[in-house]
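**Q** In UniProt numbering, the protein residues as written are 2 to 149.
In this text, a Cβ means the ideal position worked out from N, Cα and C, and glycines have one as well.
Computed from a prediction, not measured in an experiment: that's the story for all the values here.
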Ligand code: DQA
């Protein structure tokens with residue numbers, strides 16, 4: 002099965018951006034780790050980062066045609082602003098896991114609300130780069146149990 006990992010705005014700066022909040026791993030480090038871990042479990046994984054809301058939405062629309070079984074998404078700040086991203090995910094009706102490096106509940110009040118969480122299969126936050134690994138493991142379990 003195919004797993005799609007989406008990274009939203011500013012995540013291209015991982016490793017240099019507020020390392021005390023987001024850690025020192027770069028997005029390249031994280032993507033390489035995820036591809037390898039998925040492969041070891043016999044699954045295919047593709048990653049996509051954009052700072053543009055429309056590019057993320059277009060990539061989500063493509064999943065209707067490309068065989069994506071599950072999506073992992075760190076929507077960055079679009080988590081707290083984007084009804085359009087929510088509608089795109091609801092529109093393709095492919096299960097998704099929302100994840101964040103930081104514990105969004107322990108920061109500014111505006112980070113506590115997500116436009117995605119209530120329609121997500123699950124939400125993981127607060128474990129730094131390990132949030133991606135935990136989200137992938139949850140996705141692999143889900144695929145395994147569905148026989149994909
Ligand atoms: C984030 C949390 C968001 O509030 C923030 O805007 C980000 C990153 C995280 O991974 O912790 O860009 O999604």
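On the three-state DSSP scale, how would you describe residue 13?
**A** Residue state, collapsed to three classes: helix.
**Q** Express the C-alpha separation of residue 41 and residue 86 in angstroms, rounding to a whole number.
**A** Looking at the two C-alpha atoms, the distance is approximately 31 Å.
**Q** Work out the CA separation of residue 97 and residue 123 for me, nearest whole Å.
**A** Rounded to whole angstroms, residue 123 to residue 97 spans 8 Å at the Cα level.
**Q** I need the DSSP call for residue 54, collapsed to helix, strand or coil.
**A** Helix at residue 54.
**Q** So is the beta-carbon of residue 17 under 7 Å away from any non-hydrogen atom of the ligand DQA?
**A** No; taking the cut-off as 7 Å, the Cβ of residue 17 has no heavy atom of the ligand DQA nearer than that.
**Q** Pull every residue with its beta-carbon under 6 Å away from any heavy atom of the ligand DQA, and keep them in chain order.
**A** The answer, residue by residue, is 11, 75, 77, 78, 80, 101, 102, 103, 105 and 112.
**Q** Do you know whose CA, among 20, 131, 79 and 21, lies nearest residue 34's CA?
**A** The shortest C-alpha separation from residue 34 is found at 131.
**Q** Can you check the segment 23-51 for any beta strand (DSSP E) of at least 3 residues that lies completely inside it and give the ranges in chain order?
**A** Fully enclosed beta strand (DSSP E) runs of 3 or longer: 45-50.
**Q** Please report how far the alpha carbon of residue 25 lies from the alpha carbon of residue 88, in whole angstroms.
**A** Each residue's Cα considered, the two are about 32 Å apart.
**Q** Restricting to Cα atoms, I'd like to know which of 100, 48 and 143 is closest to residue 77.
**A** It is 100 whose Cα lies nearest to the Cα of residue 77.
**Q** Under 7 Å Cβ to Cβ from residue 28, same chain only, skipping five residues before and after it: list those, please.
**A** For residue 28, where only same-chain residues beyond five positions count, the Cβ hits under 7 Å are 8, 12, 13, 15 and 50.
**Q** Going straight from the alpha carbon of residue 115 to that of residue 125, what length do you get?
**A** Whole-angstrom Cα-Cα distance: 12 Å.
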